[in-house]
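Residue numbers (the numbering used here), protein chains in the order written: chain A, 1 to 295; chain B, 296 to 498. Ideal Cβ placement from N, Cα and C applies to all residues, glycine included.
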Amino acid sequence: MAERATFRVKTGLAEMLKGGVIMDVVDADQARIAEDAGACAVMALERVPADIRRDGGVARMSNPAMIKGIQEAVTIPVMAKARIGHFAEAQVLQSLEVDYIDESEVLTPADEANHIDKLSFEVPFVCGATNLGEALRRIGEGAAMIRSKGEAGTGNIVEAVRHMREITDGIRELAGMRREQLAGAAKDHRAPLDVVQEVAEQGRLPVPLFCAGGIATPADAALMMQLGAEGNFVGSGIFKSEDPERRARAIVEATTHFQDPGRVAQASMALGEAMPGLEIEALAAEGGLLQGRGA
Amino acid sequence: MLALQGDFEAHRRMLQGLGAEASEVRAPHQLEGLDGLVIPGGESTTISKGMARDGLDEAIVGFHASGRPILGSCAGMIVCDREHLGLGDYLCRRNAFGRQLASFEQDLQVEGLGPDPLRAVFIRAPWVERHGPGVEVLAEVERHPVAVRDGNLLAVAFHSELTDDSRLHALFMALASTPASSASRPGVRGEGADGLATLGEES
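Right under this line is the structure:
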């Protein structure tokens, strides 16, 4: 008997994306450029985070016609974003047969208190996290893949570094605990005890852990892989740069050869300008941070 | 393990669990001294482009020609077919079962692995669309070949490395410890290594 949508089948696709780069694209042409550059998947959305940030207003799920156009243009997996808590958008994305749904803080949250009940869906979900507790709560809700939130659309890696360190330090701490300490840890992390126990036993998350939010250069990609990311999402960093094709190839190369600084150096040459970067403190002062959404 | 992209870590756990030394291959010189190569699941376009970029395509063809065995899983099955590296005399249909929603797991009888079925996980999996007469079909789903052997190439459309069952990897390791001449020549299978003895005998 064939069984679909099991936990193993849902996390299985994320397992296959490891060591790869998932690129934000806004149309079929960009999707083809991403695929040609070696992206292992694309994220279909109407505006990259840098533009969402610039334009303001409410950011919603993308137009289904645009998602379909991208699905027809490439053979690699196509992901799409739903607003936090907006399960009707997720239902629409599932009916379009997207390969993964990103319940994303980059879009304007639809529910201030609740995330989507991801276990009730057949399509797998990826969710962002700024620390271990957030990651474990999302896994408890059924997320089959976790990514750092970073601070999308800034070209500034500092927040992704913080989130990845918070998550991996938290895992090491759990793994060093005695069993009777885990209930207290679950309370501190505001996370389900069974997920906490599993992480403590395995010494890793039960789902793949990727980096997202702020990658702009090949060296950024190599940094995050060395800090424990199992793959990278790149949003504005590619198509907001001067030469997206070359930068996309270079970030793919640096994600594979992250342990070889010579290869990262080679990949970083003649790329043109990176996307312009934003200071996190200035953004925070304006109340413009996205990462606090849906904790 | 070819470590350009994909689930090579899961293959490492399988191989190490069986007592093998597993190393990551990201450059041609890292193939030296290996007894066999696993090409993991991942995105076949990403892995193909990476092999071309890093000169690994020719190096892997040479590695295969030297008689050493290769295990290709999912994307690894695709990149070994006639349209890619040409290591096996078969052609794959990519994403043959459909998108992720159609991905599934099931018990699968695989020839050469004994009477118990293997839990096979199919993720946006391919199947073999056509194959030459020298290709042995080891398992089928909906009458499409999903596990084949062509000489010293073992290619499967599914992932058993995501389960606890290491029999497929044990079979691959048996190929790796068999002298190259007998592993690659049809007709002399069944000599020597344990895993091979049952190949072709079950029906």
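Discussion item. I need the straight-line Cα distance from G153/A to E122/A, nearest angstrom please.
Written reply: Rounded to the nearest angstrom, the two C-alpha atoms are 30 Å apart.
Fill in: chain D contact residues for I215/A, given Cβ-Cβ distances below 9 Å
Among the protein chains of the structure shown, namely A and B, there is no chain D.
Discussion item. Do S398/B and V374/B have their beta-carbon atoms positioned less than 7 Å apart in this structure?
Written reply: 7 Å or more divides the Cβ of V374/B from the Cβ of S398/B.
Item to complete: For S477/B, name the three-state secondary structure that DSSP assigns.
Response: Residue confidence is low: S477/B scores 44 on pLDDT, short of 50, so the model does not pin down where it sits. No coordinate-derived value is stated.
Item to complete: For K18/A, collect the residues of the same chain with a Cβ closer than 7 Å to its Cβ; drop the 5 residues on either side in sequence, then sort them by chain order.
Response: By the criterion of a C-beta distance shorter than 7 Å, K18/A is surrounded in its chain by P208, E230 and G231, once the five residues flanking it on both sides are discounted.
Item to complete: May I have the straight-line CA-CA distance separating A37/A from R246/A, to the nearest angstrom?
Response: Each residue's alpha carbon lies about 8 Å from the other.
Worksheet entry | Reduced DSSP category for H324/B - H, G, I as helix; E, B as strand; rest coil | Assignment of H324/B by DSSP, reduced to helix, strand and coil, places it in the helix class.
Worksheet entry | Counted within 10 angstroms of its Cβ, other Cβ atoms place S241/A as buried (16 or more) or exposed | Here S241/A is buried: its Cβ has 16 or more other Cβ atoms, across all protein chains shown, within 10 Å.
Worksheet item: Name the residues in the region 2 to 25 of chain A whose C-beta lies less than 9 Å from a C-beta of chain B; which are they?
Response: So the close ones are A2, E3, R4, A5, T6, R8, V9, K10, T11, G12, L13, E15, M16, L17, K18, G19, G20 and V21.
Worksheet item: Taking the alpha helix (DSSP H) that K10/A falls in, what are its first and last residues?
Response: First-last of the alpha helix (DSSP H) with K10/A: F7 to L17.
Fill in: Residue-level contact to chain B via CB, E97/A, 7 Å cutoff
Taking 7 Å as the threshold, the shortest C-beta distance from E97/A to chain B falls below it.
Worksheet item: Can we say the region 360 to 372 of chain B touches the region 433 to 450 of chain B, given the rule of at least three CB pairs closer than 8 Å?
Response: The region 360 to 372 of chain B is in contact with the region 433 to 450 of chain B.
Practice prompt. Decide if the region 306 to 320 of chain B is in contact with the region 266 to 286 of chain A; the criterion is three or more beta carbon pairs, one per stretch, under 8 Å apart.
Written response: With fewer than three CB-CB distances shorter than 8 Å, the region 306 to 320 of chain B does not count as touching the region 266 to 286 of chain A.
Practice prompt. Would you mind telling me which residues of chain B sit closer than 7 Å to D123/A, beta carbon to beta carbon, in chain order?
Written response: The amino acid occupying residue 123/A in the given sequence is Val; Asp does not appear at that position. Simply Q395 and L396.
Practice prompt. Quick one: which residues of the region 67 to 85 of chain A get their C-beta closer than 9 Å to a C-beta of chain B? List them in chain order.
Written response: Near chain B, meaning a CB-to-CB distance below 9 Å, the residues of the region 67 to 85 of chain A are Q71, V74, T75, I76, P77 and V78.
Discussion item. Given this structure, state the Cα-to-Cα distance separating A322/B from S361/B, to the nearest angstrom.
Written reply: Those two C-alpha atoms are separated by around 18 Å.
Fill in: Neighbourhood of V161/A by C-beta, 8 Å cutoff - its chain only, sequence neighbours within 5 removed
Residues L223, M224 and L227 of the same chain have their beta carbon placed closer than 8 Å to that of V161/A, with the five preceding and five following residues left out of the count.
Discussion item. If we define contact as Cβ-Cβ less than 7 Å, is L299/B a contact residue for chain A?
Written reply: Yes - at least one Cβ of chain A is within 7 Å of the one on L299/B.
Discussion item. Does chain B have any CB closer than 7 Å to the CB of G38/A?
Written reply: For G38/A, at least one C-beta of chain B is nearer than 7 Å to its own C-beta.
Item to complete: Please go through the same chain and pick out, in chain order, the residues whose beta-carbon is closer than 6 Å to the beta-carbon of L297/B, but skip the five residues on each side of it.
Response: Here L297/B has V320 and I334 as same chain residues with Cβ atoms under 6 Å from its own Cβ, once five neighbours each way along the sequence are excluded.
Worksheet entry | Simplified DSSP state of P244/A, which is helix, strand or coil | The three-state secondary structure of P244/A, taken from DSSP, is helix.
Worksheet item: Taking all protein chains shown into account, do 16 or more other C-beta atoms lie within 10 angstroms of the C-beta of H324/B, making it buried, or fewer, making it exposed?
Response: Answer is exposed; the Cβ neighbour count stays below 16.
Discussion item. Quick check: F233/A and I22/A, are their CB atoms within less than 7 Å of each other?
Written reply: Cβ atoms of F233/A and I22/A: closer than 7 Å.
Worksheet entry | For G262/A, the first and last residue of its enclosing beta strand (DSSP E) | Premise fails: G262/A lies in the alpha helix (DSSP H), P261 to A267, not in any beta strand (DSSP E).
Discussion item. Beta carbons nearer than 8 Å to chain A: which residues of the region 448 to 470 of chain B have them?
Written reply: From the region 448 to 470 of chain B, only H454, L457 and T458 have a Cβ closer than 8 Å to chain A.
Fill in: For A452/B, the residue or residues it bridges with in DSSP
Beta-bridge annotation (DSSP): A452/B is not paired with any residue.
Fill in: Among D117/A, R60/A and C40/A, nearest to F87/A - alpha-carbon criterion
The option with the nearest alpha carbon to F87/A is D117/A.
Practice prompt. Give the secondary structure of S461/B by DSSP, where H, G and I count as helix, E and B as strand, and everything else as coil.
Written response: Here S461/B sits in coil by DSSP.
Fill in: Entirely enclosed alpha helix (DSSP H) segments - the region 21 to 50 of chain A, minimum 4 residues
Within the region 21 to 50 of chain A, the complete alpha helix (DSSP H) segments of 4 residues or longer fall at 28 to 37, listed in chain order.
Worksheet item: Going by the CB atoms, is the gap between G235/A and V48/A shorter than 7 Å?
Response: The answer is yes: Cβ separation under 7 Å.
Discussion item. Strictly below 7 Å CB to CB, what residues from chain A border Q401/B?
Written reply: Simply M1, A2 and E3.
Practice prompt. Give me the Cβ distance between H426/B and D384/B, rounded to the nearest whole Å; I'm assuming they're in contact under 8 Å.
Written response: Confirmed, Cβ separation roughly 6 Å.
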